[in-house]
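First the structure, in the form of structure tokens, and then the observations on it.
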Amino acid sequence: MPSRFARQDEVSGPVSKLLFTEQDLRSTVTDLSTPDTLLVMDEYNRAALEDIATSVVVEDTDAIEIERVTRGGGYGRVVAVGGCTALDFGRACARGMDLAVVPTILSHCCISSNRSVIRRGDVYVSEVTTAPRVAMISLPTLEKNHADMSKNWSASGFGDLFSIFAAVAEANWYADKPPQDLFRREATIGEEALTWLESEPYPLDRTGLVRLARFLHEFSVVGHNSIPVGSEHALYYALRQKYAYPRMVATHGKLVSIGTLLILRAWSERYTDFSMYYNVRHTFAKVGLPLSLPDLERMGVFPDHICTACRTLAGPNLLDQLLRTDPSLLTRVFPPSQNETAVELPISSGRLWK
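Under the numbering used here, the first residue of the sequence shown carries the number 1274, and numbering increases by one thereafter.
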């Protein structure tokens, strides 16, 4: 039975360029558009952009809707504007065509990817689609959208980026002992970003946003094809599918960060090395990612949601194995009070460890 978060065969493709402009969003998109352009956007950008070219406004990456758009034709190139959903949809509609993407928020690691996560029935599948020729970021738009800390888009971007540590830990889970300097060697982008952010003021200023964009671009170009998809992302898609969380609150990166902390905590206990877990936890506290049960509840997420979502995942799934064997892992990572610290607790017997 296929995993509910599957990967298609990898293919190589052209490397996208990341560029920045001082133009506003409308001018940026206008300059990228031609008479045969299909403009793909999310609802948030609709009012400002939909009259520029033939447009489609998307809320999900449903395969049936993508097929409807591509069968309709009438376009020769695609410009996709907005967050991850609009960019994924645009990539899927641009197979064999020229594609430009205009990310308006830094909430995810799919800026310049050649992949789209597409919903086929009740399964989200990561498929090779189209690498953009260019990812163009309007700096005034980026600053404006990130100024609202009630949304805290950067935290979501970091949550997605730092999932690289959980994915690497899971890929090496059954090694007799972890390779020396595992994260430094296999999660280089994450290590560099973690070190940078430690001394960087937060919220990020314009210079910081540009640096984050470069990290997300780099990971979206090289990381998606070199780092295996982990349980932390499988959990995200299961939660998103099963529960109607508000997208502005329970963002992609915030939901992904739940699985990241759970896997890193279990990894730390297994090898009695908590350094990476606490480094990531400290960084999550700085940017505002969930660290306690109240944090989860403010997103609408409850412990039974996590356990239930893990159980719905088909095929081998590390998070499901961990939580079935040791449900208290959730409490050790997400304590019931924000005033409590998730401390090192004795490892109980009967665990999954080899």
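Yeah, the Cβ is synthetic: ideal placement off N, Cα and C, and Gly gets one too.
None of the values given here were measured: they were computed from a predicted structure.
Of all the options V1302, R1341 and K1515, which has the alpha carbon lying nearest to the alpha carbon of I1325? Stepping through the sequence shown from its first residue, residue 1325 is reached at position 52. Of the listed residues, the one whose Cα sits closest to I1325 is V1302.
What residue range is occupied by the uninterrupted alpha helix (DSSP H) comprising Y1544? Residue mapping note: residue 1544 aligns to position 271 of the sequence shown, counting from 1. Membership of Y1544 in the alpha helix (DSSP H) is indicated by the continuous run H1525 to Y1544.
From which residue to which residue does the alpha helix (DSSP H) around L1591 run? Here the question's residue 1591 lines up with position 318 in the sequence shown. Element bounds for L1591: L1591 to T1598.
Considering only their Cβ atoms, is the gap separating V1441 from E1459 smaller than 7 angstroms? The residue given as residue 1459 occupies position 186 in the sequence shown. The residue given as residue 1441 occupies position 168 in the sequence shown. E1459 is a Cβ neighbour of V1441, given a cutoff of 7 angstroms.
C-beta contact flag for I1378 and N1418 at 7 angstroms: Locating residue 1378 in the sequence shown gives position 105, where the first residue counts as 1. Locating residue 1418 in the sequence shown gives position 145, where the first residue counts as 1. In this structure, N1418 lies closer than 7 angstroms to I1378 by Cβ.
With a threshold of 7 angstroms on Cβ separation, who are the neighbours of A1439 within its own chain once the five nearest residues in sequence on each side are excluded? The residue labelled residue 1439 in the question sits at position 166 within the sequence shown. So the qualifying residues of the chain are G1503, E1505, G1532, T1533, I1536 and L1537.
For the beta strand (DSSP E) holding F1293, just list the boundary residues, first then last. Within the sequence shown, the letter at position 20 stands for residue 1293. K1290 to T1294 is the extent of the beta strand (DSSP E) around F1293.
Are the CB atoms of F1607 and L1569 within a distance shorter than 7 angstroms? Taking the first residue of the sequence shown as 1, we reach residue 1569 at position 296. Taking the first residue of the sequence shown as 1, we reach residue 1607 at position 334. Against a cut-off of 7 angstroms, the Cβ pair of F1607 and L1569 comes out as a contact.
Grab the span of the alpha helix (DSSP H) containing S1504 for me, first residue to last. Walking along the sequence shown from the start, residue 1504 turns up at place 231. Note, S1504: alpha helix (DSSP H), S1504 to K1515.
Residues near F1488 in its chain [Cβ-Cβ closer than 7 angstroms; skip 5 each side]: Position 215 of the sequence shown, counting from 1, holds the residue named residue 1488. Excluding sequence neighbours, F1488 sits near L1434, I1462 and A1466.
Expressed to the nearest angstrom, what Euclidean distance is found between the alpha-carbon atoms of T1414 and R1392? Against the sequence shown, residue 1414 aligns to sequence position 141. Against the sequence shown, residue 1392 aligns to sequence position 119. So the two alpha carbons sit approximately 29 angstroms from each other.
Where Y1551 and V1401 are concerned, what is the direct C-alpha to C-alpha distance, given to the nearest angstrom? Counted from its first residue, the sequence shown places residue 1551 at position 278. Counted from its first residue, the sequence shown places residue 1401 at position 128. The alpha-carbon atoms of Y1551 and V1401 are separated by roughly 35 angstroms.
Under 7 angstroms between C-beta atoms of Y1397 and Y1510: Looking up residue 1397 in the sequence shown gives position 124. Looking up residue 1510 in the sequence shown gives position 237. Contact: yes.
Given that a residue counts as buried once 16 or more other Cβ atoms are within 10 Å of its Cβ, and exposed if not, what is I1337? Along the sequence shown, read from residue 1 onward, the residue named residue 1337 stands at position 64. Exposed is the call here.
Residues bridged to E1400 (per DSSP): Your numbering for residue 1400 matches position 127 in the sequence shown. In DSSP, E1400 forms a bridge with S1389.
Is the CB-CB distance between A1404 and V1374 below 7 angstroms? Indexing the sequence shown from 1 puts residue 1404 at position 131. Indexing the sequence shown from 1 puts residue 1374 at position 101. No, Cβ-Cβ distance for A1404 and V1374 is not below 7 angstroms.
By how many angstroms is the C-alpha of K1290 removed from the C-alpha of D1546? Taking the sequence shown and counting its residues from 1, one reaches residue 1546 at position 273. Taking the sequence shown and counting its residues from 1, one reaches residue 1290 at position 17. About 38 angstroms.
Counting only beta-carbon separations shorter than 7 angstroms, does T1468 have a partner in chain B? In the structure shown, chain B cannot be found, because there is only a single protein chain.
Under the three-state DSSP convention, the category E1354 falls into: Mapped onto the sequence shown, residue 1354 falls at position 81. A quick correction: the sequence has Val, not Glu, at residue 1354. Looking at V1354 - three-state DSSP - the assignment turns out to be strand.
By how many angstroms is the C-alpha of C1366 removed from the C-alpha of T1343? For the purposes of this step, residue 1343 is taken as the residue at position 70 of the sequence shown. For the purposes of this step, residue 1366 is taken as the residue at position 93 of the sequence shown. Near 6 angstroms, if we compare the C-alpha coordinates of C1366 and T1343.
Looking only at its own chain, which residues have a Cβ that is under 7 angstroms from the Cβ of P1519, when we skip the five neighbours before and after it? Numbered from its first residue, the sequence shown carries residue 1519 at position 246. Contacts found: G1573.
Quick check on DSSP: helix, strand or coil for D1361? Here residue 1361 is taken as the residue at index 88 of the sequence shown, counted from 1. Helix at D1361.
Are the beta-carbon atoms of F1362 and V1313 separated by less than 7 angstroms? If you number the sequence shown from 1, residue 1362 lands on position 89. If you number the sequence shown from 1, residue 1313 lands on position 40. It is a contact, given that the beta carbons lie within the stated cut-off.
Exposure label - P1376; buried when at least 16 CB within 10 Å: Here the question's residue 1376 lines up with position 103 in the sequence shown. So P1376 counts as buried.
Buried or exposed, going by whether 16 or more other CB atoms sit within 10 Å of the CB of V1395? Residue numbering aside, residue 1395 sits at position 122 when the sequence shown is read from its first letter. Looking at the sequence shown, residue 1395 is not Val but Asp. With a 10 Å radius around the Cβ and a threshold of 16 neighbouring Cβ atoms, D1395 comes out exposed.
For a quick check, are the C-beta atoms of S1386 and L1298 less than 7 angstroms apart? Walking along the sequence shown from the start, residue 1386 turns up at place 113. Walking along the sequence shown from the start, residue 1298 turns up at place 25. Going by C-beta atoms, S1386 is not nearer than 7 angstroms to L1298.
Of all the options M1422, R1543 and L1512, which has the alpha carbon lying nearest to the alpha carbon of D1599? On the sequence shown, residue 1599 is found 326 positions in, with the first residue counted as 1. D1599 has its Cα closest to that of R1543, out of M1422, R1543 and L1512.
Counted within 10 angstroms of its Cβ, other Cβ atoms place R1479 as buried (16 or more) or exposed: The residue given as residue 1479 occupies position 206 in the sequence shown. Result: exposed.
How should K1627 be labelled, buried or exposed, when 16 other C-beta atoms within 10 angstroms of its C-beta is the threshold for buried? Counting from 1 along the sequence shown, the entry for residue 1627 is found at position 354. Low confidence applies here, because K1627 scores a pLDDT of 27, under 50, leaving its location unreliable; read the following figure in that light. Exposed, since its Cβ has fewer than 16 Cβ neighbours within 10 Å.
Here's the rule I'm using: 16 or more other beta-carbon atoms within 10 Å means buried, otherwise exposed. How should Q1611 be labelled? Within the sequence shown, the letter at position 338 stands for residue 1611. Taking all protein chains shown into account, Q1611 has fewer than 16 neighbouring C-beta atoms within 10 Å of its C-beta and is therefore exposed.
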